[in-house]
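Last residue of the sequence shown: number 1342 in this note's numbering, and the count goes up by one each step with no gaps.
All residues carry an ideal CB built from backbone N, CA and C; glycine is no exception.
These figures come from a predicted structure and were not determined experimentally.
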Amino acid sequence: MTDGEGSARDPAQLDNLPGQSAIIELLRVHAGLPQRSRLARVLGISPLTAESRPWYDAAVSEIEVGDALAGLGDDWVVLHALPVGTGTTDIDHVVIGPGGVFIINTKSHPGQAVWASQRAFLVSGVRHPYIRNMEYEMGRVERLLGSASGIPVEVAGILAVVAAKSITVREKHRDVTVLSTASLVQWLLARPVVLGPAQVTAIGAAAQLATTWQPDAEPVGDKDALRERFAAVRTQVRRAWRLQVIWATVLTLVGAGGFVLVTYSILLNALGALGGR
């Protein structure tokens, strides 16, 4: 999407990476960890800890959704990791296009059953406050974008669920939609047109300003270096996972071989006993 002439552009905001806030927190935690020993690396022990894994999972999930959103095309403005409030709070993704303005919150629940209704969001039977939190965020984004653009803005929310075993939605919420990552772009492109090109441009330009979200926002440094550091951690995690699979396979085969050997020995003893009678 190309901004209209004279639109303010904040390079620090335009280039935010999908999952950027999670990546920064992951690298902060990771930097304070001792190096894994050679034995730990050989055995495939993950470089992630109980503290760093949630940030890693969040970053990977947001990157997956960000990659999917790249398929929306030039009629849409797509922004990632928009800082709001204080601390590490951010909005995972904001998309603005003919179908309207949407904030997208990524939720990673691999292999689990998701059930949602107007007021509830359950993961394997455990309730999460995602719907309520999304309602609050939609109101906040409407105020921020409306103030920055000078245009009344209506915002809808999407909970993009990554890698769930199943997603069941009953009694759909009026403004919050629960979707799988695979159906996200198709659903957005199928929305009826509610914004013209001029409105998309104006609201998109306001969304691209760092000051729209945080008046005292500090620009993030070299994003290419940030991407490379995360890629290095991701390579370590993947290598550890592959080694775990290899070791598990070897141990399973060894165990199976031992079982066969013990069974064969028992059988020979039994035959010998029968022959001696």
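D1240 is the residue among R1292, W1180, D1281, D1240 whose C-alpha sits nearest the C-alpha of G1204.
According to DSSP, residue pairing for A1178 in a beta bridge involves S1231.
For I1128, the enclosing alpha helix (DSSP H) starts and ends at 1118 to 1134. Between F1295 and V1125, the alpha-carbon positions lie close to 10 Å from each other. K1172 carries a strand assignment under DSSP once its states are collapsed to helix, strand and coil. Taking the Cα positions, Q1251 is about 16 Å away from V1166. Ranked by Cα distance from Q1273, the first of D1289, R1292, S1214 is S1214.
Here D1140 is near G1162, since their CB atoms are less than 8 Å apart.
In this structure T1233 is in contact with W1180, their Cβ atoms being roughly 5 Å apart against a cut-off of 8 Å. Under the three-state reduction of DSSP output, L1092 falls in the helix class. DSSP, read as helix, strand or coil, puts I1156 in strand. Of the residues assessed, I1311 falls on the exposed side of the cut-off, its CB having fewer than 16 other CB atoms within 10 angstroms. Residue I1156 holds the alpha-carbon nearest to the alpha-carbon of V1130 among R1103, V1094, I1156, P1099. Shown here, I1161 sits in a strand according to DSSP, grouped into three states.
Of the other Cβ atoms in all chains shown, 16 or more fall within 10 Å of the Cβ of S1173; this residue is therefore buried. Checking the DSSP bridge columns, you'll see T1242 partnered with I1223. Its chain contains A1124, E1127, I1128 as the residues whose beta carbon lies nearer than 6 Å to that of G1084, once the 5 sequence neighbours on both sides are disregarded; these appear in chain order. E1116 counts as exposed, since fewer than 16 other beta carbons sit within 10 angstroms of its beta carbon.
For A1146, same chain residues with a beta-carbon under 6 Å away, outside a window of 5 residues either side, are N1081, Q1085, S1086, D1155 in chain order.
In this structure, the straight-line span from the alpha carbon of R1304 to that of V1258 is close to 46 Å. The residue from I1110, G1109, R1101, R1118 with its alpha-carbon nearest to that of R1093 is R1118. Within the model, the alpha-carbon separation for I1169 versus P1148 is close to 14 Å. If you draw a 10 Å sphere on the C-beta of Y1201, you find fewer than 16 other C-beta atoms in it, and that means exposed. Under the three-state reduction of DSSP, R1103 is assigned to helix.
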